[in-house]
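Novice: Read in order, the letters of the sequence shown are residues 2 to 265 in my numbering.
For each residue, glycine too, the CB sits at the ideal point set by N, CA and C.
Got a structure for you, questions after.
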Amino acid sequence: MNEMLKGWHTLITGGSSGFGFEMAKTLLAHGATVAIAARGGAKLDKAYAELKGGGYDVHALEMDVRSESSVATAAEWIAGNWERLDMLVNNAGIGMGAINKNHAENPTPVHQIDPGAFRDIVETNFIGYFLVTRAFTPFMLTHGGRIVNVSTSIRTMTAPGQLPYGPARAAAEAMSVILSEQLKAYHISVNVLLPGGASNTGFVPEEQRETAESRGLLPASILNEAILFLTSDQAAGLTGERIIAKDFPQWLAEKGFATDSPPV
């Protein structure tokens, strides 16, 4: 195991599958201690068992980002078991499948959208980012830290079939910009990371998978190289950035960063 990140502590929400699981695996493989947080159940148990079986220092936290009490309980666990938190990755999310599995081709008119499903998407993809950031930022106040908020493309934010997923992600990005300025004084960075296209995760409903795959899906591991960079010394102090993982090598070059980052 590469021990580049030995002593580095990361919490990843939505860590039981998709981007979250892949990022966790990458950081663990480089020696980090990682807590994967998700609503409890078989998926979280399976993810934890797989990562633990690899000999990694991984922990599973049952946490529903929509619930203030659930988030507080997870924060209590961190306070009781870790001396520090170096990185928080807000990744938990649910897509438009909760409202309409065929939303891309046949958007649901606003007057037909179920308010409960609307609220669930907004609470997960936006309010959840706030609740988690609010609860875990205090662990970074004394030594600094890094917050990464996973997002989506601007096109998705305003596409006809993306109400309310797109606006919820847009709100989370606006909050990220504000937080990147507010938290500078505490040496806490806040950056946005997004794949740059449709990806092979649970966000693609089975009903649309064949069509999506024919157009090309990015792998669930697409964020891995960028998240590893964001733990590096090069990224110290870097804040307020919006990083598109698909174009990450180009972004590095434009920013003048060395491109010989460790393999993921």
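Do you know how far the Cα of R120 is from the Cα of R156?
Specialist: Rounded to the nearest angstrom, the two C-alpha atoms are 22 Å apart.
Novice: Comparing alpha-carbon positions, which option in F249, N101, R243, I228 lies nearest E23?
Specialist: For the residues F249, N101, R243, I228, the minimum Cα distance to E23 belongs to I228.
Novice: From S177 to S152, what distance separates their C-alpha atoms?
Specialist: Looking at the two C-alpha atoms, the distance is approximately 10 Å.
Novice: Quick check on DSSP: helix, strand or coil for V149?
Specialist: In the structure shown, V149 sits in a strand (DSSP, three-state: E or B).
Novice: Measure the beta-carbon distance from G32 to M2 and round it to whole angstroms, keeping in mind my assumption that it falls under 8 Å.
Specialist: Confirmed, about 6 Å.
Novice: Could you compute how far the alpha carbon of P108 sits from the alpha carbon of M97?
Specialist: If you take the alpha carbons of P108 and M97, they lie about 10 Å apart.
Novice: Pull up the distance between the alpha-carbon of V133 and that of V123, whole angstroms please.
Specialist: Those two C-alpha atoms are separated by around 14 Å.
Novice: Under a Cβ-count criterion, where at least 16 other Cβ atoms within 10 Å of its own Cβ denotes burial, should T143 be classed as buried or exposed?
Specialist: With fewer than 16 Cβ atoms within 10 Å of its Cβ, T143 is classed as exposed.
Novice: Count the other CB atoms, across all protein chains shown, that sit within 10 Å of the CB of S70; report buried if there are 16 or more and exposed otherwise.
Specialist: Label assigned to S70: exposed.
Novice: May I ask you to verify whether the stretch 85-97 touches the stretch 5-24, counting CB pairs closer than 8 Å and requiring at least 3?
Specialist: Yes: at least three Cβ pairs fall under 8 Å.
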